[in-house]
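Worksheet for the structure shown next.
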Amino acid sequence: YKRFKELIGDHYFDGARVFRVVENFVAQWGLPADPKEADKYQAIPDDKVVGHNDKGIITFAATAMKNSRTTQLFVNLKDNHFLDGMGFAPVAKVVEGMDVVERINAEYGEHPNQGLVRAEGEQYLAKEFPRLTKIVG
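Sequential numbering of the sequence shown, starting at 1, is according to full-length UniProt numbering.
Have a look at this one:
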């Protein structure tokens with residue numbers, strides 16, 4: 001929760017794109033528009049899972065490695081309780097505007113290359129995936 005507030009306060013997501021959408025599962029963001037910002041934050045320790053990955057719950061994305069969460073988050077587009085047992089701890093909840101979340105552009109699915117998003121940021125996404133949903137702050 002603390003990292004999430006820190007990222008919002010730092011305007012880290014401003015201009016970034018929701019670069020991964022798996023329909024009826026999750027929408028993911030958290031790589032900055034400016035690639036110089038990509039390594040600004042280090043990984044944080046895993047949190048204990050309290051609550052469930054219900055529709056509208058936001059959680060940090062992670063790898064299979066312990067303590068691998070950094071800046072990437074996703075919002076659950078449906079109840080995904082199986083994620084609870086995988087260590088995905090809820091950090092926030094969409095309490096208003098889920099209709100906006102449901103309109104996030106899913107046409108590109110998982111096609112944006114995260115390595116290129118990290119290296120080139122908005123320049124890569126605007127050229128290759130121009131209709132991705134953009135976060136404005």
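For every residue, glycine included, the Cβ atom is placed at its ideal position computed from N, Cα and C. This one's a predicted model, so the numbers in the text were calculated from it and none came from an experiment.
- Straight-line measurement puts the Cα of Arg118 at about 15 Å from the Cα of Phe129.
- In this structure, Val91 sits away from Tyr12, with a CB-CB distance that is not shorter than 8 Å.
- Counting the other Cβ atoms within 10 Å of the Cβ of Thr59 gives 16 or more, which makes it buried.
- Contact annotation, Arg69 with Asp84: C-beta distance approximately 15 Å; criterion of less than 8 Å not satisfied.
- Here Gly121 is buried: its Cβ has 16 or more other Cβ atoms, across all protein chains shown, within 10 Å.
- Around Asn105, the same chain offers Val18, Val21, Arg131, Leu132, Thr133 as residues with beta carbons nearer than 8 Å, after the five sequence neighbours per side are excluded.
- Assigned with DSSP and collapsed to three states, Gln114 falls in helix.
- Proximity to Glu96 across Ile57, Lys127, Leu73 peaks at Ile57, based on C-alpha coordinates.
- As a beta-bridge residue in DSSP terms, Pro90 pairs with Thr59.
- By the Cβ neighbour-count rule, Gln42 is exposed, with fewer than 16 other Cβ atoms within 10 Å of its own.
- A direct Cα-to-Cα measurement between Ala62 and Thr71 gives close to 9 Å.
- In this structure, the straight-line span from the alpha carbon of Phe25 to that of Asn80 is close to 7 Å.
- The closest CA to that of Ala64, considering only Met86, Val75, Asn53, is found on Met86.
- The DSSP assignment places complete beta strand (DSSP E) segments of no fewer than 3 residues inside the segment 21-47 at 26-29, in order along the chain.
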